[in-house]
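What follows is a short report on a single structure.
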Amino acid sequence: MNDKIQVISKYALEGLNAQALNDAALAAKQTLESGSGLGNDFLGWLHLPSSIDEQQLQAIEQTAAILRQECEYVITIGIGGSYLGAKAIIEALSDHFAAYKCGNGPKVVFAGNNIGEDYLYDLMDLVRGHKFGIIVISKSGTTTEPAIAFRLFKEMLEKQEGKEFAQRNIVAVTDARRGALRNLATQEGYATYVIPDNVGGRFSVLTPVGLLPIAVAGFDIRALVAGAVEMEKDGDEQVLNYAIARNALYQNGKKIEILANFAPRLHFLAEWWKQLYGESEGKGHKGIFPASVDFTTDLHSMGQMIQDGERTIFETVLSVGDQQHEVIIPTDEADLDGLNYIAGKNVDYVNKMAELGTRLAHVDGGVPNLLITIPAVNERYLGQLIYFFEKACGVSGYILGVNPFDQPGVEAYKKNMFALLEKPGHEEATAAIKARL
Ligand code: PA5
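So in my numbering, the last one in the sequence shown is 448, and the numbering has no gaps at all.
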């Protein structure tokens, strides 16, 4: 069995001259590695896995141990890059029904990733009367969604458990020096972790942004980091394969990439991937639109569109080797459902046949298919996958000719929102926007 994730482009590149992109891809990789490209002040993630030392891991594990010991719930507050990585890894590794089961350690729940009033109300209702802690994550320290959530849950925790408990069980992950959250954490004496200046939000899952919540959820951050180190040291072939194939497809009119999984636990990994590629590549009116589907679920909703809609898409399937558990389909004497032909097989065998059948059908329908094989979903292979996608994103962005490490476009809605909320300092914009209504 392979001990690394692999990219297989057998059904992706028919009729394309992907080799023509080889030189561009090697040049992009060189630009990335030499730090000579656009956004080169945000390359801290490139050698991050191998730079994480024992002291850093121990510190995170110790903080996690305190929260695990004292709390029934740990509310992880953050949005975008300060949310999706931890959410993706925790969901991928968790029992699917963990929320409904009693277990060891606290339940990690998320807030500050939306402005849903009912969401916040329900979460407050959930933790009322229970011991809870807070990990508040914001690189800028000023993002509206997490700031609102933190204000609410900080006040609630202090009232419910007292200032001392709150101080012990609130951890801030933020910039080393700047921002409202840094100032607040210093004033209140919270434990803090730093998001390095040169690591952007969507590349930060292997910093305390991701590692702390993942450790609190009870997962092995050492194995996660070790997996990432494996790809840092020996993943370039796969990185190039992916970056070349997706750019070759894009140049051939395939403007949408659908990341498909056949494993429900990978749903949020695709959400993390969408931010990584969407924010990195969508610039200058260019970029592959990253979309995602959960199969076989979405074959019963989006399947028609993929099979037969406009031919501007290609598909990248995340294919998992081993399942963690075996469930055998039983024989039924009456066989009224007609399923005896697969009796004695395990459920994953059926899923794998659905996966292969789907890939071939989509290829036949004009949807090129890339395959990324993952030996199993565990910390090690998820670590590999994270680093692989990050580096391929950097290479891909440079092939495309954009700065993959900034995100100027995300400010536009915020300006309007602040103007509409009449935030001090936005008076002119408030007047201008009101004139449009
Ligand atoms: O990638 C990004 O920069 C954004 O998605 C941010 O991660 C998100 O807006 C959260 O920012 P912050 O961590 O500063 O609160």
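Each residue gets a CB set at the ideal place from its N, CA and C atoms; glycine is no exception.
DSSP places residue 20 within a strand segment (E or B) once states are collapsed to three. Excluding five sequence positions before and after residue 53, the CB atoms of its chain that fall closer than 6 Å to its own CB belong to 209, 211 and 416, given in chain order. Judged by beta-carbon spacing, residue 66 lies beyond the 7 Å limit of residue 241, meaning their Cβ atoms are not closer than that value. Taking 7 Å as the cut-off, the Cβ atoms of residue 216 and residue 187 do not count as close. In the structure shown, residue 147 falls within a strand segment according to DSSP collapsed to helix, strand and coil.
Residue pairing by DSSP places residue 172 opposite no residue, since no beta bridge is assigned to it.
If you look at residue 258, you'll find it in the alpha helix (DSSP H) that goes 247-262.
Relative to the Cα of residue 397, the nearest Cα in the group 26, 55 and 60 belongs to 60. Out of 285, 440, 401 and 434, the CA that lies nearest to the CA of residue 40 is found in 401. When C-alpha distances from residue 152 are compared across 19, 191, 445 and 110, the shortest belongs to 191. Non-local C-beta neighbours of residue 74 in its own chain, meaning closer than 7 Å and more than five positions away in sequence, comprise 182, 202 and 223, ordered along the chain.
Between the stretch 367-380 and the stretch 12-26 there are three or more C-beta pairs closer than 8 Å, enough to call the two in contact. The beta-carbon separation of residue 250 and residue 403, rounded to 5 Å, stays under the 8 Å limit for a contact.
Ranked by how close their Cα comes to the Cα of residue 292, the residues 34, 49 and 29 have 49 in first place. Between the stretch 93-101 and the stretch 115-128, the count of C-beta pairs closer than 8 Å reaches three or more; the two stretches touch. In the DSSP assignment, the residues bridged to residue 272 are 305 and 329. Judged by DSSP secondary structure, residue 400 falls within the alpha helix (DSSP H) whose first and last residues are 390-411. Secondary structure at residue 60: helix, using DSSP grouped into helix, strand and coil. Counting along the chain, no alpha helix (DSSP H) covers residue 203; the unbroken beta strand (DSSP E) around it starts and ends at 202-205. Residue 243 and residue 235 have their alpha carbons spaced roughly 13 Å apart. Collapsing the DSSP output to three states places residue 154 in coil. For residue 365, the closest alpha carbon among the candidates 272, 345, 286 and 321 is that of 272. With the rule of 3 Cβ pairs closer than 8 Å, the stretch 422-441 does not count as touching the stretch 281-291.
Around the beta carbon of residue 301, 16 or more other beta carbons sit within 10 angstroms, so the residue counts as buried. Closest option to residue 179, judged by alpha-carbon separation, among 162, 156 and 146: 146. Residue 390 is positioned such that its CB atom lies closer than 7 Å to that of residue 231. Of all alpha-carbon atoms in 444, 352 and 253, the one lying nearest the alpha-carbon of residue 30 is that of 253. In the structure shown, residue 37 falls within a helical segment according to DSSP collapsed to helix, strand and coil.
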